[in-house]
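Trainee: In our numbering, the protein residues as written are 140 to 488. Dropping the structure in here first, questions after.
Given below as structure tokens:
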């Protein structure tokens, strides 16, 4: 009996010892290897230069999406000047175009220091070539050829009547990449006391409609007053129509009696060498201007002058009532006033 009790007591002690040892063993292992739960540390902020670089990289290179976003519906087509494809210049020594500037005509800005002194955008040795009163047979094509030979561009202010007489010539002006603005319907002095405010507005709006009719598309919202006679009321009106107005810095006086090609060149270069830059006023309506252009462009190139082309950010939207009135006056069928490009398109060739 005593032996049995002793064996039972020994067994109990052994069990206690084994349990205690196991607890100590597993407890020590847990302290050494169990993962500890800690709060995640916020990422260190990028230094300022790295942030800027990252931002610039995204803005410049963008990102490729896993799946392309669905394309937005295309906006309704708006009549606009056709995009001109840049063609290689056949003349390796051409005057060319140094830079192209785009004009936001909102509010009716004015250019040309003779009357508008706010926007001095030309740098030294830069010129803008402008031509008034066309289109006209022989004379306008002569100017276009001279410009094409030197792979350079100009800005043409067309008289509305002339545009309806010779739309094919005005289309050539646009097709060769020049900018087309307007110069009233019939080249009247808008500052004349004989003109009522309504007559002045009619001259301007009808001129724009006539140029649009001739081109088959909207012209640039660029305008030059005949004889550079500015009507104050119309200056304000152009602000509401978002039309840029043009004066000049250098008048060629090519319309004067005795204005030979040689005289035209000397008049322009003498004034230009004095000022160092400027908007040059000429007339593609005048025969001697076309004859003077090759020499004038050669002199500009020899003198280190550079041509700047002016384009408009948007096109001019004519008023329907003037479009309709013009078509009636010209006895054009009015069943459709849409330009041919919006009616007939080549889809395969």
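All C-beta atoms, glycine included, are put in the ideal place defined by N, C-alpha and C.
Looking at C-beta atoms only, is the number of pairs between the region 283 to 294 and the region 456 to 469 that lie closer than 8 Å three or more?
Mentor: Taking 8 Å as the limit for Cβ pairs, the verdict is that the region 456 to 469 does not touch the region 283 to 294.
Trainee: Can you tell me the Cα-Cα spacing of residue 371 and residue 488, whole angstroms?
Mentor: About 52 Å.
Trainee: How many Å lie between residue 358 and residue 350 at the Cα?
Mentor: Roughly 7 Å between the two C-alpha positions.
Trainee: Near residue 427, what residues of its chain come up, given a Cβ to Cβ distance below 7 Å and the 5 sequence neighbours on each side ignored?
Mentor: Correct list, in chain order: 393, 398, 399, 400 and 403.
Trainee: What are the boundary residues of the alpha helix (DSSP H) that includes residue 309?
Mentor: Per DSSP, residue 309 belongs to the alpha helix (DSSP H) from 306 to 314.
Trainee: Starting from the Cα of residue 251, find the closest Cα among 416, 284 and 243 and give me that residue.
Mentor: Cα-wise, what sits closest to residue 251 is 416.
Trainee: Can you tell me whether DSSP reads residue 424 as helix, strand or coil?
Mentor: In the structure shown, residue 424 sits in coil (DSSP, three-state: anything other than H, G, I, E or B).
Trainee: Is the separation between the beta-carbon of residue 326 and that of residue 282 shorter than 9 Å?
Mentor: Contact flag unset, no.
Trainee: Relative to the C-alpha of residue 271, which residue among 319, 436, 255 and 231 is closest?
Mentor: Ranking the options by Cα distance to residue 271, first place goes to 319.
Trainee: Among 323, 441 and 240, which one has its Cα closest to the Cα of residue 366?
Mentor: It is 323 whose Cα lies nearest to the Cα of residue 366.
Trainee: Specify, as a first and last residue, the run of the beta strand (DSSP E) that residue 363 falls within.
Mentor: Residues 361 to 363.
Trainee: Expressed to the nearest angstrom, what Euclidean distance is found between the alpha-carbon atoms of residue 244 and residue 306?
Mentor: Answer to the nearest angstrom: the Cα atoms are 25 Å apart.
Trainee: Tell me the rounded alpha-carbon separation between residue 300 and residue 353.
Mentor: Distance between the alpha carbons of residue 300 and residue 353 is about 10 Å.
Trainee: Quick check: the Cα distance between residue 254 and residue 384, rounded to an integer number of angstroms?
Mentor: Cα to Cα, residue 254 sits roughly 10 Å from residue 384.
Trainee: Please give me, in chain order, every unbroken run of the alpha helix (DSSP H) with length at least 4 that falls completely inside the region 256 to 312.
Mentor: As far as the region 256 to 312 is concerned, its whole alpha helix (DSSP H) runs of at least 4 residues are 278 to 288 and 299 to 304.
Trainee: Would residue 447 and residue 261 qualify as a contact pair, given that the criterion is a beta-carbon distance under 9 Å?
Mentor: Result yes, Cβ atoms of residue 447 and residue 261 sit closer than 9 Å.
Trainee: My parser needs the beta strand (DSSP E) runs of 3 or more residues fully inside the region 397 to 479; what are they?
Mentor: Listed in chain order, they are 417 to 422 and 445 to 451.
Trainee: Using the Cα positions of residue 312 and residue 333, report the straight-line distance between them to the nearest angstrom.
Mentor: In a straight line, the C-alpha of residue 312 is about 34 Å away from that of residue 333.
Trainee: If you measure between the beta carbons of residue 247 and residue 381, is that distance less than 9 Å?
Mentor: A contact, by the Cβ cut-off of 9 Å.
Trainee: Could you compute how far the alpha carbon of residue 316 sits from the alpha carbon of residue 459?
Mentor: Going by the C-alpha atoms only, they are around 27 Å apart.
Trainee: If I measure Cβ to Cβ from residue 200 and keep anything under 8 Å in the same chain, skipping five residues before and after, which residues do I get?
Mentor: With a pLDDT of 24 at residue 200, under the threshold of 50, the predicted position of this residue should be treated as unreliable, though the coordinate-derived value follows. Nothing listed; no residue qualifies.
Trainee: Report yes if the C-beta distance between residue 361 and residue 303 is below 9 Å; otherwise report no.
Mentor: Not a contact, by the Cβ cut-off of 9 Å.
Trainee: Could you check how far apart the C-beta atoms of residue 239 and residue 413 are, in whole angstroms? I think they sit under 8 Å.
Mentor: The Cβ separation is near 26 Å, so there is no contact.
Trainee: Taking the alpha carbon of residue 309 as the reference point, which residue from 411, 424 and 484 has its own alpha carbon closest?
Mentor: Of 411, 424 and 484, the residue nearest in Cα terms is 424.
Trainee: Spatial neighbours of residue 438 within its chain, please: CB distance less than 7 Å, with the 5 preceding and 5 following residues excluded, ordered by chain position.
Mentor: Only 404 and 408 meet the Cβ criterion.
Trainee: Could you check whether the Cβ of residue 229 sits closer than 9 Å to any Cβ belonging to chain C?
Mentor: Checking the listed chains, one finds no chain C in this structure; it contains a single protein chain.
Trainee: Measure the CB-CB distance between residue 576 and residue 356 and report whether it falls below 9 Å.
Mentor: With the chain represented from 140 up to 488, any question about residue 576 goes unanswered, as that position is not in the structure.
Trainee: What is the DSSP secondary structure of residue 250, counted as helix, strand or coil?
Mentor: Reduced to three states, the DSSP call for residue 250 is strand.
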